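Order-wise, the sequence lines are chains A and B. Heads up: the first sequence is residues 1 to 344, going by our numbering. Heads up: the second sequence is residues 1001 to 1099, going by our numbering. Just so it is clear, CB atoms sit at the ideal spot from N, CA and C, and this is done for glycine as well. Keep in mind that this is a model prediction, so the values were computed, not measured.
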Amino acid sequence: MEPKIPTRMGDGSLVEMTRSEIKADLEEGTQIAAKKAKVDVLTQDELDHLLDIYASAARFTAVDIGEEVVLSNDGTGTKHIGNRVQDLQSYETLLGIDIPELWQADYSYKAVKTNVAHEGQSMKIAQALLTNPVQYGAMPDLGRYSKPDGPIPNWSELLPMGKIDEARDAQVEACGMLVEDINFVADAMIEAGADGIDMDTTGAAGDADFLAALTACRQLREKYPWLGIEIGMASEFVLGMHGQLEYDGERLAGMWPKKQLEMVTAAGASIYGPAVNINTGKSTAWNIARAITFIKPAAEVATIPVHVNVGMGVGGVPTCLFPPADATSRASKAFVEILKIDGY
Amino acid sequence: MGGMRAAGDLVARMQMTRRMRLKEAKEYVAGKLGCTTRDLSDPVAMEIIRQDHGLGLLTMTSSTHPALPGMMEAKFNISKLLDIPINSVERFKERTTGY
């Protein structure tokens, strides 16, 4: 009888599977992704490598010595131990991360705008106390500009009413406001000494959200040629909430990671962060094969660093509050060794 | 890569500032430091290299370095060594030009 190996489901629960079952999940994961995104399935060598990583009972796994990659963060610290700058210092001193990120709990550029002077003061203090590069991060979060949270008619209400043009106009108007707010916050943080700006969970509200990030990114790059700009995505696929928006002549709706990367590179970003969401009902083996298949075409052609989102609910890491190290370390090793990513 | 426990902060700065991919960034930093790329993630090797170049060391219970460059001071040295602008360093210079 084939021995069982402890492994994880996408919701984090510990289950037992045979090597054959894990192999079957890897094959199914890559096939589903390839069909959906119209890309190639992983090669047999790559699937074999994934099987070696995932069909193991080891508590922890890692890349070889010398093959370590840069670790950036969307948010650093818990906000509940000491203060935020102490969180950044702890991450620099004790956890050994490479790019700590100052952030606030209401992780949205619109929300930060009203508190920007205090956020800038915290950045200034952080810059005085840390040696690592410190970036400031928040979400573009376009939905915040629609009623009742913002001044713009709510396109999610207009669309079901068949008011397509009105819904599109609303998103375009909100997009303009968001671009202004990202610039406003970024300018203030850069005045305070920030090394970089992170636009995290980009595209969460669809193509207009992505367009705002790209537009702001290009404006920031023109103003600050040296600035670190990281654009991390919300999902493997850009939702067409508007459906007709373009950037540099390319329609944004429906973009998969390779096209997302091309847009992010053209906008002048320093780092592209692809995100592939987890299916909680499938194994982590199934999820990692699916995620790597989606991202592989981007990683192969990238000319800027690629930092894959590898954490709670994305990038092969289970959707749970405390992701287990067996799952996080396997996902990290898989991305580094198969996609040759630059960080995560 | 271990951040400033090793040389992760230096490699990260090249990714952020010059948009270098990992291999190029590691080779650039190793070239500036005169070490191997493997040394960059080795905290034992980097403790000596960082001290030699004034790039800042972690302060721990059994290891404090009040007489060596740290934090802002170290970032001045990192900026010069890597030949990149560091925002906080440039702001520091800009705001203290009267002295």
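Just how far apart, CA to CA, sit residue i and residue j?
i, j, result
"residue 1015 of chain B", "residue 113 of chain A", "27 Å"
"residue 1018 of chain B", "residue 5 of chain A", "44 Å"
"residue 269 of chain A", "residue 2 of chain A", "49 Å"
"residue 1022 of chain B", "residue 343 of chain A", "8 Å"
"residue 196 of chain A", "residue 1009 of chain B", "13 Å"
"residue 240 of chain A", "residue 81 of chain A", "40 Å"
"residue 223 of chain A", "residue 179 of chain A", "14 Å"
"residue 1006 of chain B", "residue 264 of chain A", "30 Å"
"residue 273 of chain A", "residue 101 of chain A", "15 Å"
"residue 1013 of chain B", "residue 7 of chain A", "36 Å"
"residue 235 of chain A", "residue 257 of chain A", "9 Å"
"residue 97 of chain A", "residue 1063 of chain B", "20 Å"
"residue 345 of chain A", "residue 1025 of chain B", "Residue numbering for chain A in the displayed model covers 1 to 344; residue 345 of chain A lies beyond these limits and cannot be assessed."
"residue 1089 of chain B", "residue 298 of chain A", "35 Å"
"residue 69 of chain A", "residue 151 of chain A", "43 Å"
"residue 233 of chain A", "residue 154 of chain A", "23 Å"
"residue 291 of chain A", "residue 146 of chain A", "32 Å"
"residue 27 of chain A", "residue 315 of chain A", "17 Å"
"residue 175 of chain A", "residue 312 of chain A", "28 Å"
"residue 65 of chain A", "residue 92 of chain A", "20 Å"
"residue 309 of chain A", "residue 1080 of chain B", "32 Å"
"residue 1050 of chain B", "residue 44 of chain A", "43 Å"
"residue 162 of chain A", "residue 14 of chain A", "45 Å"
"residue 25 of chain A", "residue 9 of chain A", "11 Å"
So which residues of chain A does residue i contact, with C-beta pairs closer than 8 Å?
i, result
"residue 1041 of chain B", "65, 66, 68"
"residue 1038 of chain B", "65, 66"
If distances are taken between C-alpha atoms only, which option among the options comes closest to residue i?
i, options, result
"residue 58 of chain A", "A:134, A:191, A:326", "A:326"
"residue 1052 of chain B", "B:1041, B:1061, B:1062, B:1035", "B:1035"
"residue 182 of chain A", "A:194, A:246, A:173, A:199", "A:199"
"residue 1071 of chain B", "A:150, A:174, A:89", "A:89"
"residue 111 of chain A", "A:19, A:335, A:235, A:185", "A:185"
"residue 246 of chain A", "A:206, A:321, A:276", "A:206"
"residue 51 of chain A", "A:341, A:214, A:287", "A:287"
"residue 242 of chain A", "A:159, A:92, A:115", "A:159"
"residue 194 of chain A", "A:24, A:91, A:132", "A:132"
"residue 254 of chain A", "A:271, A:267, A:218, A:211", "A:211"
"residue 106 of chain A", "A:140, A:87, A:83", "A:140"
"residue 285 of chain A", "A:201, A:217, A:252, A:333", "A:333"
"residue 22 of chain A", "A:64, A:56, A:84", "A:56"
"residue 238 of chain A", "A:60, A:259, A:281", "A:259"
"residue 177 of chain A", "A:261, A:31, A:204, A:209", "A:209"
"residue 128 of chain A", "B:1098, B:1091, B:1099, B:1097", "B:1091"
Would you list the one or two residues that DSSP bridges to residue i?
i, result
"residue 101 of chain A", "A:135"
"residue 15 of chain A", "A:7"
"residue 70 of chain A", "A:343"
"residue 146 of chain A", "A:152"
"residue 307 of chain A", "A:343"
"residue 197 of chain A", "A:136, A:229"
"residue 191 of chain A", "Partner(s): none; residue 191 of chain A has no beta bridge."
"residue 251 of chain A", "A:246"
"residue 314 of chain A", "A:277, A:311"
"residue 272 of chain A", "A:231, A:306"
Using the beta-carbon of each residue, which ones in chain A are nearer than 7 Å to residue i?
i, result
"residue 1009 of chain B", "98, 131, 132, 133"
"residue 1085 of chain B", "226"
"residue 1013 of chain B", "133"
"residue 1098 of chain B", "Those within 7 Å of residue 1098 of chain B in chain A number zero; the least Cβ separation is about 19 Å."
"residue 1004 of chain B", "92, 131, 132"
List the residues of chain B whose Cβ lies closer than 7 Å to the Cβ of residue i, in chain order.
i, result
"residue 292 of chain A", "Within 7 Å Cβ-Cβ: nothing; residue 292 of chain A doesn't reach chain B, min ~17 Å."
"residue 342 of chain A", "1015, 1021, 1022"
"residue 127 of chain A", "1088"
"residue 20 of chain A", "Correct list: empty, because the minimum Cβ distance to chain B is about 35 Å."
Residues of chain A with CB under 9 Å from residue i, in chain order?
i, result
"residue 1067 of chain B", "Those within 9 Å of residue 1067 of chain B in chain A number zero; the least Cβ separation is about 16 Å."
Quick one: which chain B residues come within Cβ less than 8 Å of residue i?
i, result
"residue 257 of chain A", "Correct list: empty, because the minimum Cβ distance to chain B is about 16 Å."
If you pair each beta-carbon of the segment 114–125 of chain A with each one of the segment 184–204 of chain A, do three or more pairs fall below 8 Å?
In this structure the segment 114–125 of chain A lies against the segment 184–204 of chain A, because at least three pairs of beta carbons, one per stretch, are closer than 8 Å.
Using a Cβ distance threshold of 8 Å, determine whether the segment 319–336 of chain A contacts the segment 73–81 of chain A, with at least three qualifying pairs required.
The answer is no - the segment 73–81 of chain A does not touch the segment 319–336 of chain A, with fewer than three Cβ pairs under 8 Å.
Cβ contact (3+ pairs, closer than 8 Å) linking the segment 228–239 of chain A and the segment 160–175 of chain A
Here the segment 228–239 of chain A makes no contact with the segment 160–175 of chain A; the two share fewer than three CB pairs at distances below 8 Å.
Given 8 Å, three or more beta-carbon pairs between the segment 301–309 of chain A and the segment 33–47 of chain A
With a cut-off of 8 Å, the segment 33–47 of chain A and the segment 301–309 of chain A do not count as touching, because too few Cβ pairs lie within range.
Check whether the segment 1040–1056 of chain B and the segment 1066–1081 of chain B are in contact - that is, three or more C-beta pairs closer than 8 Å.
Contact between the segment 1040–1056 of chain B and the segment 1066–1081 of chain B is present, because at least three Cβ pairs lie under 8 Å.
Under 7 Å (Cβ pairs) to chain E, residues found in the segment 1048–1075 of chain B:
Protein chains in the displayed structure are A and B, and chain E is not among them.
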